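Enquirer: Residues in the sequence shown are numbered from 23 upward in steps of one, following my numbering. Let me begin by handing over the structure; questions about it come next.
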Amino acid sequence: MSNDRKQEIADAIYELENALGCIEFHTEKIKATIKSLKEISEKADHEEISLDEDYLIWKAGSIGSRYIRNYGDGEEDLSVFHSLHDRHEDYLKEKKEAKQKIEN
């Protein structure tokens, strides 16, 4: 196998590992939001919901409903993962530079 092909494989693995890290990061944020929503739900039985809490409810529902769209034919729109990846370009760049420093 040529060195170019090996580098292409290494780059693909690197990108997927970074995507996985991004997904894990967002999974933790989603879990924290679910916890907050449950607390708001319990509180709402006794108190008014604040504007910030109302916004969180709306935003969480909006994001959750479009996180991965299933088109009914078995195909999923994973574009959200591309946008998540784009939002972490600085992180990815830093990690890639650190990896290159280690290899050199």
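We put the beta carbon where it would ideally sit given N, CA and C, even for glycine. Here the structure is a predicted model, which is why all the values come from computation and not from measurement.
Provide the residue span of the alpha helix (DSSP H) that contains glutamate 39, from first to last.
Expert: Here residue 39 refers to the residue found at position 17 when the sequence shown is read from its first residue. It spans 25-66 - the alpha helix (DSSP H) in which glutamate 39 sits, taken as one unbroken run.
Enquirer: Is the CB-CB distance between aspartate 62 and glutamate 70 below 7 Å?
Expert: Taking the sequence shown and counting its residues from 1, one reaches residue 62 at position 40. Taking the sequence shown and counting its residues from 1, one reaches residue 70 at position 48. The sequence given here places isoleucine at residue 62; aspartate does not occur at that position. With respect to the 7 Å criterion, isoleucine 62 and glutamate 70 are not classified as neighbours on the basis of their beta carbons.
Enquirer: Reducing DSSP to helix, strand and coil, say where glutamate 70 ends up.
Expert: Against the sequence shown, residue 70 aligns to sequence position 48. Shown here, glutamate 70 sits in coil according to DSSP, grouped into three states, outside any helix or strand.
Enquirer: Using the C-alpha atoms, what's the distance from glutamine 29 back to isoleucine 35?
Expert: Working through the sequence shown from its first residue, we reach residue 35 at position 13. Working through the sequence shown from its first residue, we reach residue 29 at position 7. For isoleucine 35 and glutamine 29, the distance between alpha carbons rounds to 10 Å.
Enquirer: Whole-angstrom Cβ separation of threonine 55 and alanine 82, contact assumed at under 8 Å?
Expert: For this step, residue 55 is matched to residue 33 along the sequence shown. For this step, residue 82 is matched to residue 60 along the sequence shown. Confirmed, Cβ separation roughly 5 Å.
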